[in-house]
Structures are given as structure tokens and as C-alpha cells.
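Participant: The structure's right below; bear with me while I get my questions together.
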Amino acid sequence: MTASTNLLNGTLDMLILKALSLGELHGLGVTRRIEQITRGTFSVKPGSLFPALHRLEEAGWLASEWGTSENNRRAKYYRLKGAGRRQLEVETKQWRVVAQAIAFALEAG
Amino acid sequence: MMMRVVRWIARLWRAPQERERADRELSEELGSYVELLTADKMAAGQSAREARRAALLELGGAEQVQERVRDVRAGALDYPGDPRQQATPRLAAVPTFADYRANRDPALDAILAWEPDRLHHDITTLLATGDTAAAAELIRAYNGRPVNRYRDASTDVNALGYRVLREGRLAEALAIFELNVRVHPHYTNGWDSLGEAYVQSGRRDDAIAAFRQALAIEPGFPPSREWLRRLGVAR
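In order, the protein sequences belong to chains P and C.
Numbering of the first sequence is given in this note's numbering, commencing with residue 79 and proceeding in unit increments.
Numbering of the second sequence is given in this note's numbering, commencing with residue 14 and proceeding in unit increments.
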């Protein structure tokens, strides 16, 4: 993660699920996809990324498989399972409620 | 708390081979991450050496990342957002029928009797005096303890070597890696690490021999294969 922007607890999982909802990726691919979809705001470092990937896999939301990368290297690819997709929907809804509530609070005059 | 103890005990029972396999796969995954990141950085114009160095720095200590993933797998981190690092000790306890009859729980006994070990500290101290034989003996004694029945100090000593190496204390790191393969001659990654320290010391021939030794133990071991390729040597 960049020094200036810390992810709120739990949002890393949601971002990983979101990144993988667009297709299967290896670890570095997840980092790149998150950078891309958050327009460079979040850069997830391996120290947070790998524990999260393995936790999500353990939870049954992701599946992994060894494959070959775009530049012909062996890499472990993660993909979203059905349960992970449902979890992403739940988390997305919750997040919208929270984000909206905070926006209201900060605008309150 | 209770949940944590239950998981802790569950961890004691997890088959050692399964853990070994998961560990190996994880180190391969992290190795692959470094490779891909290095390739990215080279594509962005960095030299192979700079790119690799930067990628390793970004990984920030493979052993630490591994330890955190292991904790996640064992359920040691109860809350996903909990940033605290836990290094749960792995203890062996073998229950017997006699224990069952006497209503004894060897797992709980092992947990209650556990004390933090000072392996890193003691090895560093002994090596500083130049007494490698005593350091080797210390590690053997550690491996021989009943609670370490399903593990040995190889990965701990390896982690110590890398920590010292990252601090730029090359000679000390070499002594640690050499000690590790002396005590654990069948530990593939130990030979690979030793090779890496030899590369950093400019001892090319010794490095090649160490990587070949790793490959002799575990044919196709990716990091050593990659090193030999980078050194321009056939396997």
C-alpha cells in the first residue's frame, strides 16, 4: 500500500474480489488491476496481498491454479468462485450504504 | 480465546507433509511474483540487476510474507483486518492410548510447557565467537526436542541468514547459510540460499556448486534453476 493512503479494514478483500470478477489473474496481476481500477490510488504490496489471497481461498471464495503468464513464466492464477461473486455483491451493497452514510454525515451543515 | 486454542490444536494435527507442500508451493508463488515484477521493471527500462533488486525489496522479506500466509491458513489471524503479526509456534504432541486412559492431553501439555526459543540469538552469539561446531550442536539439540518432532530449524536458520544478509553483513550471512546446510544437508532451499550469498560475494564457482547441489536434491527446483540460467550455466 502507498504510504499516504491506507485501505480501510476489509476493503482490500473487496477490491481483490472486484479485480478478479473481471477475469482470472496471478498475484502481480491482481496488484496491477487494483491500481488500474482505483486509478492508481491503491497499490497493494505483497505483504498484504498474499495473506489476503490465501485467506479468500481458504474461505472458499477463490480457486487457484498454476498456469503460464503472458511472458511465459509459471504463475499461480486466482479466479472468483460462485461464493466469491455472491460475497462481492454483499460487500458492494454494504459499502454503498456506508459510503453514502459518510457522505451525508460530512455534508451535514 | 477458546477458538484460538482449538485452532492452535488443530494446527498441531495438520499433517506435516501437507504443510511442507503448501510451504513449497507458496515459496514458488512468491518466486514467480518476483520474476514477473522483475520482467515488468525491465520492460520499463531498468537493468536486470536493478530490476531484480527492486522487485526483491518490494516483496519485503519472503520469509515474513510466508509466515503471515501460514498464519492465515492456520486460522491464527481471527479477524481479516487485524494487522498484528502473529508467529504461532508449531509444536508436536503425540497422544498415546496410555494418555487417553490417564485422561492426559499431550497437546495441551506441550502448549503449556512452551517457552519462546532464542535460537536466532544463540546462533548469532556462537557464530560471533567463531565456534561453528557449538552452533551446529545447538541446532541439532533443537531439532532433537520432542516438540520439534515434525519440523527442524532449517527454515528458521535460513530466515536468520536472509535477515543478516539484508543488513549487509555478508560474511556473517555466509557463515549462517554454510552452517545450515552442514546441519541440514537435505534442505534444498538452504543450498539455494547459500548459492545466493556466494553470488553476492563474487564466488561464482561456489555458487554454481551450491545451486547444483539444490537441484541434485530436488530436480527442477525453480529458484536454483533460474540462478544457474542467470549465471549462464547449463544445469
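Cβ atoms here follow ideal geometry from the backbone N, Cα and C, with glycine treated the same way.
Taking CB distances under 8 angstroms as the criterion, tell me whether SER45(C) reaches chain P.
Facilitator: For SER45(C), the answer is yes, since a Cβ of chain P falls inside 8 angstroms of its Cβ.
Participant: Counting beta carbon pairs with one atom in the segment 182-198 of chain C and one in the segment 116-129 of chain C, are three or more of them shorter than 8 angstroms?
Facilitator: With a cut-off of 8 angstroms, the segment 182-198 of chain C and the segment 116-129 of chain C do not count as touching, because too few Cβ pairs lie within range.
Participant: If you run the structure through DSSP and keep just helix, strand and coil, what is HIS132(P)?
Facilitator: Of the three classes helix, strand and coil, the one that applies to HIS132(P) here is helix, per DSSP.
Participant: Considering only their Cβ atoms, is the gap separating LEU140(P) from LEU131(P) smaller than 8 angstroms?
Facilitator: Yes; because the gap between Cβ atoms is below 8 angstroms, this pair is in contact.
Participant: Give the straight-line distance between the Cα atoms of VAL107(C) and GLU33(C), rounded to the nearest whole angstrom.
Facilitator: If I take the Cα positions, the gap works out to 19 angstroms.
Participant: For LYS154(P), return the contacting residues in chain C, with the cut-off set at a CB-CB distance below 7 angstroms.
Facilitator: Near LYS154(P) (Cβ distances below 7 angstroms), the residues of chain C are GLU42, SER45.
Participant: Determine whether the Cβ of ARG164(P) lies closer than 8 angstroms to any Cβ atom of chain C.
Facilitator: It does not; no Cβ of chain C falls within 8 angstroms.
Participant: Run through DSSP, which three-state label would ARG240(C) get?
Facilitator: In the sequence on display, residue 240(C) carries Trp and not Arg. Helix.
Participant: With distance defined between alpha-carbon atoms, name the residue in GLU239(C), GLN213(C), GLY215(C) nearest to ARG225(C).
Facilitator: The option with the nearest alpha carbon to ARG225(C) is GLU239(C).
Participant: VAL82(C) versus chain P: which residues are under 7 angstroms apart at the beta carbon?
Facilitator: Going along chain P in sequence order, the residues near VAL82(C) (Cβ under 7 angstroms) are PHE128, PRO129, HIS132.
Participant: Please confirm whether GLN77(C) has its beta-carbon closer than 8 angstroms to some beta-carbon of chain P.
Facilitator: GLN77(C) counts as touching chain P.
Participant: Residues of chain P with CB closer than 9 angstroms to the CB of ALA52(C), please, in chain order.
Facilitator: Simply SER147, ASN149, ARG151.
Participant: Using the three-state DSSP reduction, which class does GLY145(P) fall into: helix, strand or coil?
Facilitator: The answer is strand: DSSP assigns GLY145(P) an E or B state.
Participant: If you run the structure through DSSP and keep just helix, strand and coil, what is THR80(P)?
Facilitator: With a pLDDT of only 35 at THR80(P), under 50, the local geometry of the prediction cannot be trusted, and the value read off the model is given with reservation. Correct three-state label for THR80(P): coil.
Participant: In chain C, which residues lie less than 9 angstroms from LYS96(P) when you measure between Cβ atoms?
Facilitator: Those do not exist, as LYS96(P) stays about 16 angstroms from chain C at its closest Cβ, beyond 9 angstroms.
Participant: What residue from ASN193(C), ASP122(C), ILE124(C), LEU178(C) has the CA that sits closest to GLU150(C)'s CA?
Facilitator: Nearest C-alpha to GLU150(C): ASN193(C).
Participant: Could you tell me which residues DSSP puts in a beta bridge with LEU158(P)?
Facilitator: Answer is LEU140(P).
Participant: Taking only the alpha-carbon atoms, compute the straight-line gap between VAL170(C) and ALA229(C) and give it to the nearest angstrom.
Facilitator: Computed Cα separation, rounded: 21 angstroms.
Participant: For the candidate residues LEU43(C), PHE110(C), GLY233(C), ILE221(C), whose alpha-carbon lies nearest to that of GLY245(C)?
Facilitator: Considering only alpha carbons, the answer is ILE221(C).
Participant: Have a look at LEU93(P) and GLY118(P) and give me their C-alpha separation to the nearest angstrom.
Facilitator: If you take the alpha carbons of LEU93(P) and GLY118(P), they lie about 13 angstroms apart.
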